[in-house]
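Visitor:
Numbering (the UniProt record's numbering), first residue to last: 1 to 103.
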């Protein structure tokens, strides 16, 4: 057996040193009732959401607004059409994902 000194060496104890529990939690009946209601609500909410359909809207066309005032990124051409890097990028992306894009 080991000898353990504690409290500045004034006492000796044999075996493991017993310490006080620091985090004793006392749960009364009202707390247990409230906890069970909260947990039941969480479970019912999870069950309700699990039954919801997980379908996204299928997009056919998208409208994208550009300012047309920051050359060379986006600018308004003399014919009133948008030009620059951003409209070209948007057109390329829409072509890749097969959507009709309105600028």
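All C-beta atoms, glycine included, are put in the ideal place defined by N, C-alpha and C.
Could you please give the first and the last residue of the uninterrupted alpha helix (DSSP H) stretch that includes residue 35?
Guide: Counting along the chain, the alpha helix (DSSP H) containing residue 35 begins and ends at 29-50.
Visitor: Please state whether DSSP places residue 82 in a helix, a strand or coil.
Guide: Note: residue 82 maps to strand in three-state DSSP.
Visitor: Check residue 75 in the structure and name its three-state DSSP category.
Guide: Strand, per DSSP.
Visitor: Measure the alpha-carbon distance for residue 35 versus residue 58 and round it to whole angstroms.
Guide: Approximately 42 Å between the Cα atoms of the pair.
Visitor: When you compare only the Cα positions, how much space is there between residue 29 and residue 43?
Guide: One C-alpha to the other measures close to 21 Å.
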